[in-house]
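In my numbering, the protein residues as written are 82 to 728.
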């Protein structure tokens with residue numbers, strides 16, 4: 082490409098470009114890089130501004146006709162000074178601005194002119210310009226003359242004011258201008274190309290602002306990674322085939338000895354900031370689906386939709402009132418009938434157990450009047466006021482304690498250490514536990530506030546403020562000195578896998594091991610309760626020891642609330658929680674909703690053959706734990722005696 086064609090390439094010029102897919106469309110030159118031999122172009126596509134670099138060769142190939150049109154028809158002579166180049170530049174600018182050329186008969190009279198221009202230094206030229214502007218000659222503009230003779234006279238008058246240095250004769254082609262051309266200041270006049278560039282710039286800025294607003298509206302979907310977006314698209318397509326009917330207050334309440342339900346919490350702020358995907362769907366009627374993201378060997382992504390069935394399933398829109406109505410409220414009647422009831426929340430750290438049992442959180446402060454603790458207390462006093470139970474002379478008491486690392490602490494007595502002992506009648510007693518007499522639900526809420534503030538918490542991999550202890554609130558009804566009924570509401574510590582706390586401190590590892598062991602013991606006790614076994618392995622942990630009354634007797638009822646997190650990052654934890662709850666649900670005589678009929682038949686056959694093994698394992702674990710607990714008690718006793726001696 083010769084220099085004449087390169088000179089025709091200017092910013093703002095509309096050209097044709099070729100895309101990688103073979104399309105050819107127009108674009109606008111924005112920048113020129115002579116070193117690299119490329120130009121930067123931009124164009125509008127789908128309400129967005131795009132750009133690329135095009136080399137000179139490709140530019141010439143696609144726009145050869147345009148450059149032939151723009152290339153000067155006559156090659157000007159080599160001019161030594163800037164003043165000598167002014168007229169050819171003016172001629173080229175006129176052609177680019179698309180100003181109509183004069184008729185041929187008009188051009189013939191004034192096309193060729195010989196103009197004598199004195200070449201002077203720049204400083205002398207500036208002084209001469211000032212003198213020229215103050216003279217009478219300056220009153221008549223060069224381009225405001227009516228004829229050729231006047232134009233020549235004016236040019237010669239201006240040139241005569243300058244020193245005669247390096248006189249050069251130049252033959253140039255003067256363009257024809259309209260008569261009123263001099264009425265506008267040439268220095269302030271903008272060509273059509275400049276106006277077009279400014280117009281395109283304003284349009285580009287407006288489109289960029291519009292794109293920013295569009296991305297803000299799209300939110301998490303626009304910034305989501307490609308892999309997450311593919312999974313989200315598959316989940317949305319699957320959910321469109323579901324008929325969802327969330328549980329409501331008008332639905333009937335069923336009677337279960339072991340009630341198992343699951344509650345899904347909404348995505349929290351951290352998960353929303355990380356653009357997490359909701360992988361849990363709750364169609365209703367006790368059904369829950371987990372869309373587990375999978376990937377094949379050939380990197381093909383797919384979903385494994387696992388179906389679980391429980392007594393009740395609550396989605397993220399369910400409130401604590403709805404959850405309480407179907408879970409803990411039916412158990413209150415059991416307590417007044419002389420039975421033992423237990424309601425506990427189980428799940429991963431940060432899945433919403435404390436929110437469900439204790440109440441709503443506003444920042445770090447908790448509203449204890451909105452949790453299952455307070456709602457159960459309100460129903461207890463509501464039934465006490467009825468004539469049917471008021472004549473029984475029942476007195477309500479409340480205890481609130483925690484189980485941390487296998488030790489029991491009283492939350493209503495400055496975390497005093499307690500001992501769990503068993504008498505000769507095999508009755509478990511928590512020695513030193515204070516039973517507080519209450520007269521209203523407000524008294525219970527105050528004690529919940531006091532106890533929750535003293536509860537042990539710590540930082541874990543999944544939660545920065547995780548409850549590291551099992552909190553047990555017991556509402557006890559006594560008739561004189563005799564126990565009439567007991568309602569135990571348990572907020573279990575969050576379960577975690579050992580792999581997630583492998584780099585934590587030793588204290589955290591010990592806490593996690595104790596939590597997992599107590600949760601295993603709880604499952605074994607519920608299993609024995611559901612199968613009506615003669616032996617209940619409640620000695621496997623302090624938690625099951627304290628709740629022994631709830632696992633024995635014909636009038637014992639249990640409710641489990643499985644709490645799950647909906648994020649894709651918590652998919653493994655959610656699946657473990659659902660399997661735990663599903664296993665507990667099987668004990669109530671309901672077949673597993675996540676298995677086919679053939680699998681259930683095989684399971685029934687295997688169940689009869691492995692019954693002895695299942696019975697022997699809890700016995701063995703119970704004996705081992707009982708021996709370990711005795712050794713631990715002896716160590717504590719020796720340590721206390723040594724401290725007394727030292728003091």
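For glycine and all other residues, C-beta sits at the position ideal for the given N, C-alpha and C.
Task: Contacting residues, own chain, Cβ-Cβ under 6 Å from residue 163 (five flanking each side not counted) - done: Legend: pLDDT at residue 163 = 47, less than 50; position of this residue unreliable, value from coordinates given subsequently. So the list is empty, once near-sequence residues are dropped.
Open item on the list: My assumption, with CB atoms under 8 Å, is that residue 413 sits in contact with residue 457. Please give the rounded CB distance.
Closed with: At roughly 6 Å, the Cβ-Cβ gap stays under 8 Å, so residue 413 and residue 457 are in contact.
Task: Three-state secondary structure assigned by DSSP to residue 406 - done: helix
Open item on the list: I need the DSSP call for residue 616, collapsed to helix, strand or coil.
Closed with: coil
Open item on the list: Rounded to whole angstroms, what is the Cα-Cα separation between residue 87 and residue 104?
Closed with: 25 Å
- [ ] For residue 567, I'd like the list of residues in its chain whose CB is within less than 8 Å of its CB, leaving aside the five on either flank, ordered along the chain.
- [x] 416, 421, 422, 555, 556, 557, 558, 630 and 631
Task: Beta-carbon separation (whole angstroms), residue 365 vs residue 575, contact threshold 8 Å - done: Between residue 575 and residue 365 the Cβ distance is about 27 Å, and since that is not below 8 Å, they are no contact.
Open item on the list: Can you tell me which residues form a DSSP beta bridge with residue 424?
Closed with: 570 and 640
TODO: With DSSP collapsed to three states, give me the class of residue 723.
DONE: helix
- [ ] Measure the Cβ-Cβ separation of residue 374 and residue 652 and say whether it is below 8 Å.
- [x] yes
Open item on the list: For residue 561, which residues in the same chain have their Cβ closer than 7 Å to its Cβ, ignoring the five residues on either side in sequence?
Closed with: none
Task: Beta-ladder partner(s) of residue 510, from DSSP - done: For residue 510, which the question treats as bridged, DSSP gives the partners 502.
Task: Reduced DSSP secondary structure (H/G/I, E/B, other) of residue 467 - done: coil
Open item on the list: Does residue 257 come out as helix, strand or coil in the three-state DSSP assignment?
Closed with: Annotation note: pLDDT 47 at residue 257 (below 50); position unreliable, no value reported.
- [ ] Taking only the alpha-carbon atoms, compute the straight-line gap between residue 612 and residue 619 and give it to the nearest angstrom.
- [x] 15 Å
TODO: Look up residue 88 in the DSSP assignment and say whether it is helix, strand or coil.
DONE: helix
Task: Where residue 608 falls: helix, strand or coil (DSSP) - done: helix
Open item on the list: Check for me: the alpha helix (DSSP H) holding residue 436 runs from which residue to which?
Closed with: 434-439
Open item on the list: Let me check understanding here. Comparing Cα to Cα, which of 129, 607 and 463 lies closest to residue 284?
Closed with: 129
Task: DSSP bridge partner residues for residue 532 (one or two, in chain order) - done: Answer by DSSP bridge pairing: none, since residue 532 is not bridged.
TODO: Answer with buried or exposed for residue 570, where buried requires no fewer than 16 other C-beta atoms within 10 angstroms of its C-beta.
DONE: buried
Task: For residue 485, the nearest candidate out of 536, 388 and 626 (CA to CA) - done: 536
TODO: Out of 403, 550, 491 and 335, state which residue places its alpha-carbon closest to the alpha-carbon of residue 591.
DONE: Closest in alpha carbon position to residue 591, among 403, 550, 491 and 335, is 550.
TODO: Inspect the beta-carbon positions of residue 552 and residue 530 and report whether they are closer than 8 Å.
DONE: No. Outside cutoff.
Task: Contact belief for residue 766 with residue 516 at Cβ below 8 Å, rounded distance in angstroms - done: Nothing can be reported for residue 766, as the shown portion of the chain is limited to 82 through 728.
Task: Three-state class that DSSP yields for residue 143 in the structure shown - done: helix
Open item on the list: Can you tell me whether residue 107 is helix, strand or coil according to DSSP?
Closed with: strand
Open item on the list: Assuming residue 652 is part of the beta strand (DSSP E), what are its boundary residues?
Closed with: Per DSSP, residue 652 belongs to no beta strand (DSSP E); it is in the alpha helix (DSSP H), 652-667.
TODO: Would you identify the three-state DSSP class for residue 272, choosing helix, strand or coil?
DONE: coil
Task: As assigned by DSSP and simplified to three states, the class of residue 603 - done: Reduced to three states, the DSSP call for residue 603 is helix.
Task: C-alpha gap between residue 102 and residue 316, whole angstroms - done: Distance between the alpha carbons of residue 102 and residue 316 is about 32 Å.
Task: Reduced DSSP secondary structure (H/G/I, E/B, other) of residue 411 - done: helix
Open item on the list: Bridge partners for residue 380 per DSSP, in chain order?
Closed with: Beta-bridge pairing links residue 380 to no other residue.
- [ ] Any chance you could list the alpha helix (DSSP H) runs of at least 4 consecutive residues sitting entirely within the stretch 290-362, in chain order?
- [x] 301-304, 307-320 and 350-354
Open item on the list: Nearest by alpha-carbon distance to residue 406: which of 287, 606, 378 and 642 is it?
Closed with: 642
Task: Simplified DSSP assignment, three categories, for residue 548 - done: Strand at residue 548.
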